[in-house]
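**Q**
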Amino acid sequence: MLGMEKAEMYNIVLMTVVWLSAMVLTVWDFIVLQSLSYRFGAISLIGLVCFTVGVAIRLAARRTLRGRFAHRLTKAEGHTLVKYGVYSYVRHPAYLGSNFLDSGIALLLNSLLGFLLMQLLVPLLLYRIRIEERILMKEFGDEYSEYVRTTKKLIPFVY
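The opening position of the sequence shown corresponds to residue 47 in the working numbering, with each subsequent residue numbered one higher.
(1) Please report how far the alpha carbon of I58 lies from the alpha carbon of E179, in whole angstroms.
(2) Mind pulling the alpha helix (DSSP H) runs of 4 or more residues that sit fully within the stretch 62-129?
(3) For V136, which residues does DSSP report across the bridge?
(4) Buried or exposed for F203, going by 16 or more other Cβ atoms inside 10 Å?
(5) Measure the alpha-carbon distance for L200 versus P169 and round it to whole angstroms.
(6) Just how far apart, CA to CA, sit T196 and L79?
(7) Look at the Cβ atom of L155, then the Cβ atom of T62, and state whether they are nearer than 7 Å.
(8) Within a Cβ cutoff of 8 Å, which residues of the same chain sit near M47, ignoring the five residues on either side of it in sequence?
(9) Excluding five sequence neighbours on each side, which residues of the same chain lie with their C-beta closer than 8 Å to the C-beta of S134?
(10) Tell me which residues share the same chain as A140 and place their Cβ nearer than 6 Å to its Cβ, disregarding the 5 neighbours each side in the sequence.
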């Protein structure tokens, strides 16, 4: 198995490639395929709601973490396990928010192709969560085990 740092880097690169591809495809679909036929309808409204909810969740997660938020999976000296705010509902709210936000953009622009490609990020996010949870388990031990037992991973009350 790859070392944690290498696995994390590969995951970040792959997630970036998939995300950029999905965004380019969404914009291309919107500009080229839909050209002047775009209408703001039910799908666009759902997309706008998803985008707005995603931004709100992501911002709440970052605000709750304050200076502890980082794109790289690290634990600085003196950090404590955050279990309050949006982290009391799910263990990975920033990832939940990102998925809503990214999917919302594609739906807002009525791009089924972009939406489907965005869903390829889900298994990559789940892999990243697995890496992150190993690190957190190592750093926080029983405290994190209890948090895992009492708090859903990604979807409140479900998963």
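A virtual CB, placed ideally from N, CA and C, is assigned to each residue, including glycine.
**A** Put simply:
(1) Sequence index remark: in the sequence shown, residue 58 carries index 12 (1-based). Sequence index remark: in the sequence shown, residue 179 carries index 133 (1-based). Going by the C-alpha atoms only, they are around 16 Å apart.
(2) 88-111
(3) Counting from 1 along the sequence shown, the entry for residue 136 is found at position 90. Note: V136 sits in a beta bridge opposite K198.
(4) Along the sequence shown, read from residue 1 onward, the residue named residue 203 stands at position 157. The residue is exposed, with fewer than 16 neighbouring Cβ atoms inside 10 Å.
(5) Here the question's residue 200 lines up with position 154 in the sequence shown. Here the question's residue 169 lines up with position 123 in the sequence shown. Cα to Cα, L200 sits roughly 12 Å from P169.
(6) Start at 1 with the first residue of the sequence shown, and residue 196 comes out as number 150. Start at 1 with the first residue of the sequence shown, and residue 79 comes out as number 33. Computed Cα separation, rounded: 46 Å.
(7) By one-based count along the sequence shown, residue 155 stands at place 109. By one-based count along the sequence shown, residue 62 stands at place 16. No, the pair does not count as a contact, with Cβ atoms beyond the cut-off.
(8) For this step, residue 47 is matched to residue 1 along the sequence shown. Low confidence applies here, because M47 scores a pLDDT of 49, under 50, leaving its location unreliable; read the following figure in that light. Within the same chain, M47 has close Cβ partners A53.
(9) Mapped onto the sequence shown, residue 134 falls at position 88. Here the set comprises T197.
(10) What you label residue 140 is simply residue 94 of the sequence shown in a count that begins at 1. Closer than 6 Å at Cβ, skipping near neighbours: R104 and A107.
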